[in-house]
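Participant:
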């Protein structure tokens, strides 16, 4: 027996067997050994829930078996593809892995709701993100320079006098045909200054802010012609109180908190890596064959 134990061939066989078992346990290859795939109760419940959401009914036994079989095929394909390194140079997979990593990281961050003081400080730091535009309601009558020619200014004065005499509450339809329609809206209600500028131009919108509400005024010029306007309501813009925009401020505050925390996490993890950026090859000079 002692002679057998000293036999080099036996030592070689024992060591080989141990290596084979170790290789099988760690799954060191796609061709040898048996790797375990466990389809747990949680995974089955997830498959059932997905089927039910899609088809509005629970799967029967045959359908559930197909779901499990398909999941197992996907698991096998994923493991084999990763064993071959197929994910390493795939941009889509890299982006998806990064996305999942960042989602997981964000879920682990402090989710405590912000205090009123934090929200107010955030609003004061980024006021332009929450500043309200002026809003206006107005009526307008347009005169077309191409149709009016040299009489444009005189026609505008006469029409303005008629409108002012009729008053702010006058029924324009009772005054007959007014202005030269260019398919522009005659009435705008609660429009933002940006919307007014988009329709009539920046210069017109700026001048409209100076018009006295409740009285026909003008003419104001736009790219279409000259306009007589009646501002019926005007709400000044500016920075609102926190109470008026709290949901928006809280949403942006939480997004900013997650971004800052994720930046800090990346900075911390970067310390474990040594990043080497290789120099770009110098392009050949003129006349040098490539």
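Residue numbers (this note's numbering): 20 to 309.
Glycine included, each C-beta is placed from N, C-alpha and C at the ideal position.
What is the DSSP secondary structure of residue 159, counted as helix, strand or coil?
Facilitator: The count along the chain shown starts at 1 and reaches residue 159 at position 140. Three-state result, residue 159: strand.
Participant: Cα separation between residue 94 and residue 61?
Facilitator: Position 75 of the chain shown, counted from the first residue, corresponds to residue 94. Position 42 of the chain shown, counted from the first residue, corresponds to residue 61. The alpha-carbon atoms of residue 94 and residue 61 are separated by roughly 15 Å.
Participant: In three-state DSSP terms, what is residue 254?
Facilitator: The count along the chain shown starts at 1 and reaches residue 254 at position 235. Here residue 254 sits in strand by DSSP.
Participant: Nearest to residue 57 by CA position, among 82, 92, 76, 70, is which residue?
Facilitator: Numbered from its first residue, the chain shown carries residue 57 at position 38. Closest by alpha carbon: 92.
Participant: Hey, residue 54 and residue 98 are a contact pair by Cβ (cut 8 Å); roughly how many whole angstroms apart?
Facilitator: Your numbering for residue 54 matches position 35 in the chain shown. Your numbering for residue 98 matches position 79 in the chain shown. That belief holds up - the Cβ atoms of residue 54 and residue 98 are roughly 7 Å apart, short of 8 Å.
Participant: State the Cα-Cα distance for the pair residue 158 and residue 164, rounded to the nearest angstrom.
Facilitator: Mapped onto the chain shown, residue 158 falls at position 139. Mapped onto the chain shown, residue 164 falls at position 145. Cα-Cα distance, rounded: 20 Å.
Participant: The alpha helix (DSSP H) that contains residue 268, what's its start and end?
Facilitator: Looking up residue 268 in the chain shown gives position 249. Residue 268 -> alpha helix (DSSP H) spans 261-289.
Participant: Report the residue from 161, 269, 276, 71 whose alpha carbon sits nearest the alpha carbon of residue 179.
Facilitator: Along the chain shown, one-based indexing puts residue 179 at 160. Nearest option by C-alpha distance: 161.
Participant: Kindly list the residues whose CB is nearer than 7 Å to the CB of residue 74, restricted to its own chain and excluding five residues on each side of it in sequence; keep chain order.
Facilitator: The residue you call residue 74 lines up with position 55 of the chain shown. Counting only Cβ-Cβ distances below 7 Å, and skipping sequence neighbours, we find nothing.
Participant: For residue 151 and residue 254, what's the separation of their Cα atoms in angstroms?
Facilitator: On the chain shown, residue 151 is found 132 positions in, with the first residue counted as 1. On the chain shown, residue 254 is found 235 positions in, with the first residue counted as 1. Going from the Cα of residue 151 to the Cα of residue 254 covers about 10 Å.
Participant: When burial is assigned at 16 or more other CB atoms within 10 Å of the CB, is residue 120 buried or exposed?
Facilitator: Numbered from 1 along the chain shown, position 101 holds the residue referred to as residue 120. Its Cβ having fewer than 16 others within 10 Å, residue 120 is exposed.
Participant: Are the C-beta atoms of residue 161 and some chain D residue less than 7 Å apart?
Facilitator: Looking at the structure shown, chain D is missing, and only one protein chain is on hand.
Participant: By a C-beta neighbour count over all protein chains shown, 10 Å radius and 16 as the cutoff for buried, is residue 236 buried or exposed?
Facilitator: Start at 1 with the first residue of the chain shown, and residue 236 comes out as number 217. Classification for residue 236: buried.
Participant: Nearest-angstrom Cα distance between residue 243 and residue 222?
Facilitator: Residue numbering aside, residue 243 sits at position 224 when the chain shown is read from its first letter. Residue numbering aside, residue 222 sits at position 203 when the chain shown is read from its first letter. Their backbone Cα atoms lie some 12 Å apart in a straight line.
Participant: Please name the residue, chosen from 252, 285, 90, that lies closest to residue 206 on a Cα-to-Cα basis.
Facilitator: Counting from one through the chain shown, the residue named residue 206 turns up at place 187. Checked all of 252, 285, 90; the closest Cα to residue 206 is 252.
Participant: Just confirm the distance between the C-beta atoms of residue 324 and residue 149, as a whole number of angstroms; I'd bet it's less than 8 Å.
Facilitator: What the structure shows of the chain is the stretch from 20 to 309, and residue 324 is not part of that stretch, so it cannot be assessed.
Participant: Hey, out of 65, 214, 76, 132, whose CA is closest to residue 277's CA?
Facilitator: As a working note, residue 277 is residue 258 in the chain shown. In terms of Cα proximity to residue 277, the closest of 65, 214, 76, 132 is 132.
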